[in-house]
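As structure tokens, the structure follows; a few thoughts come after it.
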Amino acid sequence: MSSKGYPRRTLHLPHSPLFSTPVHYMDHNDRAYLSYEKAKAIGLSYDMTIDDLLSLSTKFWQLHNDPAVLLDGGAITLLTIQYNLCAGTIARYAKRRPELIPLVEDLLQYRKHGQYMMTELGHGLDIGNIETTATMTPSGDFILNSPTPSAAKFMPPTVPAGLPCVAVVFAKLIVNGEDRGHRPFVVPLNDGKQMCTGVESKLLPYRGGPHPLTHSLTTFHNVRLPRASLLGPLEKPADFHANLMDIIHRITIGTIALGCLALPFMQCYATIGTLYSLRRQIGGSDRRTPILTFRTQQAPILNAAASAYVMQALQRWAIEKFCDSSLDGRVRHGIAAIFKGVMVQHSQQAALGVSERCGAQGLFAHNQMTCLHNEMRGIAIAEGDVLGLAIRLINELLLGRYAMPPTTDPTSLLARHEAGLFADLHQIIKDAPHHRSSEVNRLILPHCQAMMEAIGHRMAYDAAVAQGVRQPLIDLYVSSVVKLDPAWYAEHAGLGRAAQFAMETRAMDAVLPLLGELVKEMDVFAYVTAPIVSDERWGAFVGGLKTFEGNARLDDVFEHPRGTLGVQPEMVRSHL
């Protein structure tokens, strides 16, 4: 059971042959294709339905909290693209076009692979200017084209992977020479073995660090699409921007869904750090001491644990608000952006802090932490780059276009911090000649991410208090956030260096006795594959390593006809 009481739908997977087969010596190509099989196994464990996608059911959010992400981040990437972005987009139109339902079912049952293709090489976050075109012909069909090299769709893994693959492709709709804004199209990419006519996929080199995926550059050359491939109307929208935001609505859902993945990451870091630090001891044989006794070892682990519990409270609150259709859509999008921002922030802090305290062991991919850290770097960019989300959100808040839900405790340290930062930035934008002026560029933009994170820290504190998270965990979370901007708290809250240090020390002293119980409640040990957590696992790991043995004589290695170790006297003299 998870700490929320939900059954672990994937608990049968960690010890299955598909997931337990060692991959660290495996060829990257083989690993990448194996991730497709793992994605299928995880997805089918959930028996997801069209209604789950459209209603954002509990099952949908459980999937994005599943610790199976700890086993293969590439598989979860493929799965969330397939279910949330591809199938979720098509399902929305299937309500009025029932002929699309079988395609959605094929995607949910993994009879087909699904991709989502919006971002272009030359445009990145500037999605309003993507160049791919779908031109309507006199017969009513469309011709899909990538008009320039910069129009290549960037990153979606589109090379054949065993099953037929379809994609939701975003293109500029051209009718009778008129630009009618962007639309999603259903486009077959390959039959599982070779690409479809006119579709070209170039396999990119694998990313360094995370589980390998077949990320690609994909272009279209006079691809003929039937009229039914268009999702949405032919008519020119009254507002191009509003239309674009509407048709990419699953990205906003993905913003909060991907943020959820940070929770099992933090739980994993706390679990590995605790178990390794209890197992690793120092001192002679007569007096062995676990390194967990040292505060320097405890600090990052305790912070990771506190962040995990507070972030879990924030997640519950954020999902509830995000699913409340009575809220302004811009507010819901803002909550998703803030949630993702702080989840990424705390996950990365935990990854670096705990892995560094595992010394050289923390550097290796087989101990999970460095690999997960790199996975989170990708998550921070996918479905809305955190910095880009922050710049848009904070500028709109400063301009008063809408507001985030207010704090329930304006007197709390984190609420005062949020208000103080906002007031400073608001004064700058009030004095600026225009919200796109150079002053705003220089004085506002560099602080947008920190401002968004400050809002998230306050929201997390409020959620943790409201949901009854243990007080020592809340206190430790607050002290860790204070350390992110110590000067402000010294200047405006009367907390000097000594007071900040004392606050953190008291909180850690209170959390330390709870650590074993906290890790047990996180309930992710079944998904932890790091061999450093126990002697038994380490022994099995070492036993499975490639071993090199032989019978070469040491004398043969050191025996040379002249000089010592093969160094010729004249070679030495030539360098004097």
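Numbering (the UniProt record's numbering) for the sequence shown: 1 to 576.
The beta carbon of each residue, even a glycine, is placed where N, CA and C say it ideally should be.
Every value quoted in this text rests on a predicted model; they were computed, and no experiment measured them.
{"Asked": "Inter-residue spacing [alpha-carbon to alpha-carbon] between PHE220 and MET117", "Found": "12 Å"}
{"Asked": "Proximity below 9 Å, CB of ALA41 to CB of SER16", "Found": "yes"}
{"Asked": "Minimum C-alpha distance to PRO300 - residue among LEU512, ASP30, TYR46, GLY73", "Found": "LEU512"}
{"Asked": "Sequence-distant residues of its chain with Cβ nearer than 6 Å to ASP66 (five each side left out)", "Found": "THR10"}
{"Asked": "First through last residue of the beta strand (DSSP E) which encompasses TYR83", "Found": "Segment: none, TYR83 is in no beta strand (DSSP E) and carries neither H nor E."}
{"Asked": "CYS323 versus HIS417: straight-line alpha-carbon distance, rounded", "Found": "28 Å"}
{"Asked": "Continuous alpha helix (DSSP H) assignments of at least 4 residues falling wholly in the segment 169-199", "Found": "none"}
{"Asked": "Option in TYR269, VAL342, ALA466 with minimal Cα separation from TRP317", "Found": "ALA466"}
{"Asked": "Sub-9 Å separation of TYR36 and HIS113 beta-carbons", "Found": "yes"}
{"Asked": "Euclidean distance between Cα positions of GLY516 and MET48", "Found": "35 Å"}
{"Asked": "Backbone CA spacing between GLU120 and GLN361 [nearest angstrom]", "Found": "38 Å"}
{"Asked": "Range covered by the alpha helix (DSSP H) that runs through SER479", "Found": "471-482"}
{"Asked": "Reduced DSSP category for LEU230 - H, G, I as helix; E, B as strand; rest coil", "Found": "strand"}
{"Asked": "Beta carbon of GLY273 nearer than 9 Å to that of ASN374", "Found": "no"}
{"Asked": "The segment 135-143 / the segment 221-241 touching (three or more Cβ pairs under 8 Å)", "Found": "yes"}
{"Asked": "Residues near SER20 by beta carbon distance below 6 Å, same chain, minus five either side", "Found": "none"}
{"Asked": "Separation of SER285 from ALA384, as counted between CA atoms", "Found": "A quick correction: the sequence has Gly, not Ala, at residue 384. When rounded, the distance between both Cα atoms is 53 Å."}
{"Asked": "Backbone secondary structure at PRO14 - three-state DSSP", "Found": "coil"}
{"Asked": "Buried or exposed (CB count within 10 angstroms, at least 16 for buried), LEU399", "Found": "exposed"}
{"Asked": "C-beta atoms of LEU514 and PRO472 nearer than 9 Å", "Found": "yes"}
{"Asked": "Contacts around SER3, its chain only, beta-carbon distance under 8 Å, and the 5 residues preceding and following it disregarded", "Found": "Only weak support is given to the placement of SER3: the predicted model assigns it a pLDDT of 48, under 50, and the value that follows is read from those uncertain coordinates. Once the five neighbours on either side are set aside, the close Cβ partners of SER3 are GLN312, GLU521, MET522, ASP523."}
{"Asked": "Collapsed DSSP secondary structure at VAL23 in the structure displayed", "Found": "coil"}
{"Asked": "Distance between beta carbons of LEU443 and residue 587, contact taken as under 8 Å", "Found": "Look at the range of the chain in this structure, 1 to 576, and you will see that residue 587 is not part of it."}
{"Asked": "Residues sharing a beta bridge with CYS165, DSSP", "Found": "HIS113, ASN190"}
{"Asked": "Where HIS346 falls, given that 16 or more other Cβ within 10 Å makes a residue buried", "Found": "buried"}
{"Asked": "VAL478 burial status per 10 Å Cβ neighbour count (16 or more: buried)", "Found": "buried"}
{"Asked": "Helix, strand or coil at SER216 [DSSP, three-state]", "Found": "strand"}
{"Asked": "Under 9 Å between C-beta atoms of MET376 and ALA530", "Found": "no"}
{"Asked": "MET155 versus ASN190: straight-line alpha-carbon distance, rounded", "Found": "16 Å"}
{"Asked": "Neighbourhood of MET571 by C-beta, 7 Å cutoff - its chain only, sequence neighbours within 5 removed", "Found": "Because the pLDDT of MET571 is 48, which lies under 50, any placement of that residue in the model is unreliable, and the question is left without a value."}
{"Asked": "Opposing strand residues paired with ILE282 [DSSP bridges]", "Found": "THR289"}
{"Asked": "DSSP state of ALA75 mapped onto helix, strand, coil", "Found": "helix"}
{"Asked": "Residues of its chain near HIS457, where Cβ-Cβ distance is below 6 Å and the 5 sequence neighbours each way are ignored", "Found": "LEU414, VAL481"}
{"Asked": "Outcome for GLY73 when other beta-carbon atoms lying within 10 angstroms are tallied against a minimum of 16", "Found": "buried"}
{"Asked": "Span of the alpha helix (DSSP H) around ALA365", "Found": "Neither: ALA365 is in no alpha helix (DSSP H) and is coded neither H nor E."}
{"Asked": "Residues near ALA380 by beta carbon distance below 7 Å, same chain, minus five either side", "Found": "VAL344, VAL386"}
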